[in-house]
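Colleague:
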Amino acid sequence: MADYLVIVESPAKAKTIGKYLGKKYIVKASMGHVIDLPKSQMGVDIENNYVPKYITIRGKGPILKELKAAAKKVKKIYLAADPDREGEAIAWHLAHSLKIDENSNCRVVFNEITKQAIKDAFKTPRPINMDLVDAQQARRVLDRLVGYNISPLLWKKVKKGLSAGRVQSVAVKMIIDREKEVQSFVPEEYWSISATFKTGVESFEAKFHGLNNKKTELKSETEVNEVLKKLNDTFVVESVKKKERKRNPVLPFTTSSLQQEAARKLNFRAKKTMMIAQQLYEGIDLGKKEGTVGLITYMRTDSTRVSETAEKETAEYIVENYGKEYLPKDKRQVKKDKKAQDAHEAIRPTAVFKDPKTIKSFLSRDQLRLYKLIWERLVASQMAPAVLDTMSVDINNQGVIFRATGSKIKFPGFMKVYIEGNDDGKKEENRLLPNLEEGMTISKEEIEPNQHFTQPPPRYTEARLVKTLEDLGIGRPSTFAPTLDTIQRRGYVALEDKRFIPTELGEIVLELINEFFPEILNVEFTAKMESDLDSIEEGQTNWVKVIDHFYHDFEKNLKIAEEEMKEVEIKDEPAGEDCEQCGHEMVYKMGRYGKFMACSNFPNCRNTKAIVKEIGVKCPSCDDGNIVERKSKKRRTFFGCDNYPKCEFISWDKPIARPCPKCNEMLVEKKTKKGVHVQCTKCDYEEETN
Numbered sequence: 001m002a003d004y005l006v007i008v009e010s011p012a013k014a015k016t017i018g019k020y021l022g023k024k025y026i027v028k029a030s031m032g033h034v035i036d037l038p039k040s041q042m043g044v045d046i047e048n049n050y051v052p053k054y055i056t057i058r059g060k061g062p063i064l065k066e067l068k069a070a071a072k073k074v075k076k077i078y079l080a081a082d083p084d085r086e087g088e089a090i091a092w093h094l095a096h097s098l099k100i101d102e103n104s105n106c107r108v109v110f111n112e113i114t115k116q117a118i119k120d121a122f123k124t125p126r127p128i129n130m131d132l133v134d135a136q137q138a139r140r141v142l143d144r145l146v147g148y149n150i151s152p153l154l155w156k157k158v159k160k161g162l163s164a165g166r167v168q169s170v171a172v173k174m175i176i177d178r179e180k181e182v183q184s185f186v187p188e189e190y191w192s193i194s195a196t197f198k199t200g201v202e203s204f205e206a207k208f209h210g211l212n213n214k215k216t217e218l219k220s221e222t223e224v225n226e227v228l229k230k231l232n233d234t235f236v237v238e239s240v241k242k243k244e245r246k247r248n249p250v251l252p253f254t255t256s257s258l259q260q261e262a263a264r265k266l267n268f269r270a271k272k273t274m275m276i277a278q279q280l281y282e283g284i285d286l287g288k289k290e291g292t293v294g295l296i297t298y299m300r301t302d303s304t305r306v307s308e309t310a311e312k313e314t315a316e317y318i319v320e321n322y323g324k325e326y327l328p329k330d331k332r333q334v335k336k337d338k339k340a341q342d343a344h345e346a347i348r349p350t351a352v353f354k355d356p357k358t359i360k361s362f363l364s365r366d367q368l369r370l371y372k373l374i375w376e377r378l379v380a381s382q383m384a385p386a387v388l389d390t391m392s393v394d395i396n397n398q399g400v401i402f403r404a405t406g407s408k409i410k411f412p413g414f415m416k417v418y419i420e421g422n423d424d425g426k427k428e429e430n431r432l433l434p435n436l437e438e439g440m441t442i443s444k445e446e447i448e449p450n451q452h453f454t455q456p457p458p459r460y461t462e463a464r465l466v467k468t469l470e471d472l473g474i475g476r477p478s479t480f481a482p483t484l485d486t487i488q489r490r491g492y493v494a495l496e497d498k499r500f501i502p503t504e505l506g507e508i509v510l511e512l513i514n515e516f517f518p519e520i521l522n523v524e525f526t527a528k529m530e531s532d533l534d535s536i537e538e539g540q541t542n543w544v545k546v547i548d549h550f551y552h553d554f555e556k557n558l559k560i561a562e563e564e565m566k567e568v569e570i571k572d573e574p575a576g577e578d579c580e581q582c583g584h585e586m587v588y589k590m591g592r593y594g595k596f597m598a599c600s601n602f603p604n605c606r607n608t609k610a611i612v613k614e615i616g617v618k619c620p621s622c623d624d625g626n627i628v629e630r631k632s633k634k635r636r637t638f639f640g641c642d643n644y645p646k647c648e649f650i651s652w653d654k655p656i657a658r659p660c661p662k663c664n665e666m667l668v669e670k671k672t673k674k675g676v677h678v679q680c681t682k683c684d685y686e687e688e689t690n
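Sequential numbering from 1 applies to the sequence shown in UniProt numbering.
1. In whole angstroms, what separates the C-alpha of I650 from that of R459?
2. Return helix, strand or coil for H452, following the three-state DSSP convention.
3. Assuming S184 is part of the alpha helix (DSSP H), what are its boundary residues?
4. Tell me which residue opens and which closes the alpha helix (DSSP H) that N149 is part of.
5. Just curious, the beta strand (DSSP E) that E311 is in, first and last residue?
6. For the candidate residues S184, N111 and P249, whose alpha-carbon lies nearest to that of A310?
7. Count Cβ pairs between the segment 294-314 and the segment 21-30 that sit closer than 8 Å; are there 3 or more?
8. Would L388 pass as a contact of V170 if the rule is Cβ separation under 8 Å?
9. Are there 16 or more other CB atoms within 10 angstroms of the CB of G640, so buried, or fewer, so exposed?
10. What residue from P449, R476, G87 and R269 has the CA that sits closest to K229's CA?
11. Using a 10 Å radius around the Cβ and a threshold of 16 neighbouring Cβ atoms, would you call V201 buried or exposed?
12. Is I296 helix, strand or coil when you go by DSSP?
13. Among residues of its own chain, excluding the 5 on either side of K243, which ones have a beta-carbon nearer than 6 Å to its beta-carbon?
14. Under a Cβ-count criterion, where at least 16 other Cβ atoms within 10 Å of its own Cβ denotes burial, should D684 be classed as buried or exposed?
15. Quick check: what's the CA-CA separation for T454 versus D143?
16. In three-state DSSP terms, what is A384?
17. Should the segment 365-373 be regarded as contacting the segment 174-191, the criterion being three or more beta carbon pairs within less than 8 Å?
18. Using the three-state DSSP reduction, which class does I46 fall into: helix, strand or coil?
19. Please tell me whether V224 and N396 are closer than 8 Å, where the distance is taken between their beta carbons.
20. Per DSSP, G406 forms a beta bridge with which residues?
21. Going by alpha carbons, who is nearest to V306 out of V352, R269, M274 and A610?
22. Tell me the DSSP secondary structure of E325 in three-state form.
23. Return helix, strand or coil for P62, following the three-state DSSP convention.
24. Consult DSSP for G625 and reduce its assignment to one of helix, strand or coil.
25. Does DSSP put V201 in a helix, a strand or coil?
26. Out of H452, E564, A346 and K289, which one is the CA nearest neighbour of S303?
27. Which of helix, strand or coil does DSSP assign to R332?
28. Taking 8 Å as the cut-off, does the segment 111-120 touch the segment 135-142 (at least 3 CB pairs, one atom from each stretch)?
29. Can you check which of these residues, E629, D623, S632 and C579, is closest to T608 by C-alpha distance?
30. Determine the burial state of V509: buried for a count of at least 16 other Cβ atoms within 10 Å of its Cβ, exposed for fewer.
31. Are G625 and N643 close, meaning C-beta to C-beta below 8 Å?
32. Is I650 helix, strand or coil by DSSP?
33. Cα separation between G406 and R476?
34. In this structure, what does DSSP give as the bridge partners for F638?
35. Output needed for N542: all residues of its chain with C-beta closer than 7 Å, excluding positions within five of it in sequence on either side, in chain order.
36. Ignore the nearest five residues each way along the sequence and tell me which others in L218's own chain have a CB closer than 6 Å to its CB.
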């Protein structure tokens, strides 16, 4: 019979931990929370210091019964939920349900699920940290007071199924505000002049920089022509500047930076990133020799800190695989972010010698890709800076200055392993310049003026929105993915080409919240609430006082809203065609993935149709079809014939309305990481577009 009972959240975690602890321990899973606030009511006693009314979650009764039965058969119970506020709250609820003294050493925490980490954790159990519990309790109560008071109002005044929350409302506001910026944006014209020069057999590019050593902006074609008139055929190298520049590696992943980089490099949604990271943390079966092993440290963190043990192990790996010169000479000093709780380490591999190639066969494709990203980021963060030779050249012709810049990697350092992605998806390139010297005369090959227009600020991608929320101090590592998921499920925003656009419903709801509950949408107010929750966790603030301070004004606004908020009727927009099944008018609806057409006779008729967009190109496979833009089940854009299924033409690349000049076949726009170029579908003809 086992002497000890260990309770964790998931079966996968239980399986991994059980292997390390041995026969004296029995490890069971609570399957997350077993106790929580009721769904059917607010569950907060406002008149009695906001005391939460906890109940056993529906369906969790048998699990709790099983845990109680197991608890009676052992000498001691350890609560080993995740090492964060939510994990502490789960442990506290279990302690009360199983009649465990919360002040006894019943709580075990670990940042990674490895043999040594587990054994060390069980050597130093501690009491339940009530400051952590109170911080989590305060968040739940706060969200209940907001959600369970505003949501019924929205149900009554707008439509059923709506909700409001502190962080989600601010996120929707940010998306709507950005959309207003995009819609009101007025493009401004500007020009550039590109030049190609030649010295000997080598050609290189330069850009117009300015006049008489002053940087000059060109805003019209007239200004460009005035510059071009000044030029003669003599171009002289006026200055050559060579520098050696060091570039430091990026820090290991936090939850936010992992979600951003997984979106950029792997095209993962935030929810998917966290789901796969959870699998890697809880344990992967690496075969008979090792069994189930946790591959990464805890994935909800705002810290970039790495343990000394991990630093030493990574240094050994770097020396062994890349050489001593790839180790930094001095330890890098990193300033701690003031907003970071720094409760755990950064997200890193639990064992750096388990490189992606070694364990590839045990991982799914997505698990391998995410693990590789985390592994490379950690290894690169512990490597020496990259060293680049840079060169800047000014070329003068009658006071008109063209500037060329180039760089060459002198020593790759961390770049040998990993280079951080960017939101534009562009790869960095080495651009070398020929050996130029001051006073040298060079010849012109081509000078080309180009017209441009300023672009509106970009709509938020998931990655960009997560970064902005984090920068503003809104939400915490555990809240980003659920927030993005909620605002889409509620129909407040939709994703179009991987960027958020607000829906009419989102705009209506936000307008009502802004009118009656402006503090909910105030970025500074929401960030201050997060800071207050951190103060509760640190034992500096009483959670009841924080809630009371908020609710005092909120209650007044709630009474005004109940009396003055007007009902809003959201009319469906006619689609301009009739339902082919019942003859009623089709209308536009907004779903999770954007607009679609549905029959106005719903629920009697459930006919729906995707909205197709003609692109002005005739189908190359049939005589009378037109090419339309469609969406696949995975929301990927493709192009097909509107005569489908009669004609099964399909293309992932966008066809264009002119034939190939070489073979007369169809041309398509091919998107690459460098931009877009036009390419023939049959021959080798292609042309650059940007």
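Heads up, the beta-carbon is just placed ideally off N, CA and C, and yes, glycines get one too.
Treat the numbers as computed from the prediction; the structure is a model and nothing was measured.
Modeller: Put simply:
1. 29 Å
2. Note: H452 maps to strand in three-state DSSP.
3. R166 to S184
4. Per DSSP, N149 belongs to the alpha helix (DSSP H) from M130 to K157.
5. Here E311 belongs to no beta strand (DSSP E); instead the alpha helix (DSSP H) covers E308 to N321.
6. For the residues S184, N111 and P249, the minimum Cα distance to A310 belongs to N111.
7. no
8. Cβ atoms of L388 and V170: not closer than 8 Å.
9. buried
10. P449
11. An exposed status is given to V201, since fewer than 16 other beta-carbon atoms sit within 10 Å of its beta-carbon.
12. Residue state for I296 is assigned as strand, using DSSP reduced to three classes.
13. T390
14. exposed
15. 41 Å
16. coil
17. no
18. coil
19. For V224 and N396, no; Cβs fall outside 8 Å.
20. M391
21. V352
22. Three-state DSSP puts E325 in a helix.
23. DSSP, read as helix, strand or coil, puts P62 in helix.
24. coil
25. coil
26. A346
27. coil
28. no
29. C579
30. buried
31. yes
32. strand
33. 41 Å
34. Partner(s): R630.
35. none
36. W191 and V224
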